[in-house]
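What follows is a set of notes on a single structure, which appears directly below.
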Amino acid sequence: MWRSSSQTKGRYYSTIQVDIPPKPWFTNLTFGKATTSTLIRMRLGHASIPLHLARLNLLPSDICECGNDVGDFNHIFFACPRYDRSAFFSSLLYIKIPFPTSISVLLSNININVYRILAEDERVKTFKYWPYNDNNKCNIRNMAEAGFYSVATGDNDVDAVKCFLCGKELDGWEPEDDPWAEHKSHAAYCAFVQLNKREDDLLLPEYLSIILQYMKNEIRNNQEIATQLIDKKAKEVWRKIHKLRK
35 MWRSSSQTKG RYYSTIQVDI PPKPWFTNLT FGKATTSTLI RMRLGHASIP
85 LHLARLNLLP SDICECGNDV GDFNHIFFAC PRYDRSAFFS SLLYIKIPFP
135 TSISVLLSNI NINVYRILAE DERVKTFKYW PYNDNNKCNI RNMAEAGFYS
185 VATGDNDVDA VKCFLCGKEL DGWEPEDDPW AEHKSHAAYC AFVQLNKRED
235 DLLLPEYLSI ILQYMKNEIR NNQEIATQLI DKKAKEVWRK IHKLRK
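Structure follows, in structure tokens:
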């Protein structure tokens, strides 16, 4: 604890106030001066009583949660040898900063509907007409792991598949065809093939790079479709103009 006067303590903390900005990068909350000063105190290891922390809504109660039977509100926070400091900060961060904990959560926050085919389990659900079973090398799970989803519409194209990223379409599958090998053979340029990893083995930056590439491909495809529609419409208008001139 401080042995000097309150005035000295105030001068000291005013000199290090800038170390924690009022709006840190990790949260949308804006901290007041009192809260910022308290966070500085805790970061530097100085004790704070639960009563003060409770007033700032950093603790739900003014009683130390160390497990002692006597709930003394003046029990010094962090000075108690039985209090788990790391657990407190973990709970504080979890409440204030609800980071996504899985790829599914990240994908659910994306504005465009890509989760349906980006997630392996979702691709598995598209194979409603797939003719091969789990004993075959090109079974449904292996196809989905290799980035394929089914585009079959009926009995005539039951084995038609498409890569969720590069858009390569393949059919005519044999029971012992290796989905990864076939994908690499027909679309070696595919970013998913080049990573050569199952979904569960992807690092977060790699997964985000796939999402980015998917978005780029979708934009390019939409541009091509729009260009084709414009060309078609322009030809129709030109034919009408040509008829009027006759």
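In terms of our numbering, the sequence shown opens at residue 35 and continues consecutively.
Even for Gly, the Cβ is constructed at its ideal location relative to N, Cα and C.
Between the stretch 235-242 and the stretch 187-203, the count of C-beta pairs closer than 8 Å stays below three; the two stretches do not touch.
With contacts defined by Cβ atoms closer than 8 Å, P209 and M177 do not form a contacting pair. Taking a 10 Å sphere around the C-beta of A180, we find 16 or more other C-beta atoms and assign the residue as buried.
In the structure shown, the three-state DSSP call for L236 is coil. Y183 is not a Cβ neighbour of V192, given a cutoff of 8 Å. In the DSSP annotation of this structure, V195 is not part of any alpha helix (DSSP H); the continuous beta strand (DSSP E) holding it starts and ends at V195 to C197. Secondary structure at F161: coil, using DSSP grouped into helix, strand and coil.
For E203, the pairing in a beta bridge is given by DSSP as K196.
A distance of 8 Å or more separates the beta carbons of K171 and D235. Counting the other Cβ atoms within 10 Å of the Cβ of W272 gives fewer than 16, which makes it exposed. Within the DSSP bridge table, the entry for Y183 names K196 as partners. Excluding its 5 nearest sequence neighbours in each direction, Y163 has C-beta neighbours in its own chain below 6 Å: A186 and V192, listed in chain order. Within 10 angstroms of the beta-carbon of E270 lie fewer than 16 other beta-carbons, which makes it exposed. For Y166, the number of other beta carbons within 10 angstroms of its own is at least 16, and it is reported as buried. Across the structure, E258 and D265 are spaced so that their CA atoms are roughly 10 Å apart.
In this model, N255 and M249 are separated by some 10 Å (Cα to Cα). For P213, the enclosing alpha helix (DSSP H) covers residues P213 to H220.
According to the DSSP assignment, A153 belongs to no alpha helix (DSSP H), since it is labelled neither H nor E. Linking S219 to W207 through their CA atoms gives a straight-line distance of about 14 Å. Beyond the five residues adjoining it in sequence on each side, D155 comes within less than 8 Å, by CB distance, of A178 in the same chain, given in chain order.
Here the alpha carbons of A221 and L237 stand approximately 22 Å from one another. Linking A268 to I275 through their CA atoms gives a straight-line distance of about 11 Å. Its chain contains L204 as the residues whose beta carbon lies nearer than 7 Å to that of E216, once the 5 sequence neighbours on both sides are disregarded; these appear in chain order.
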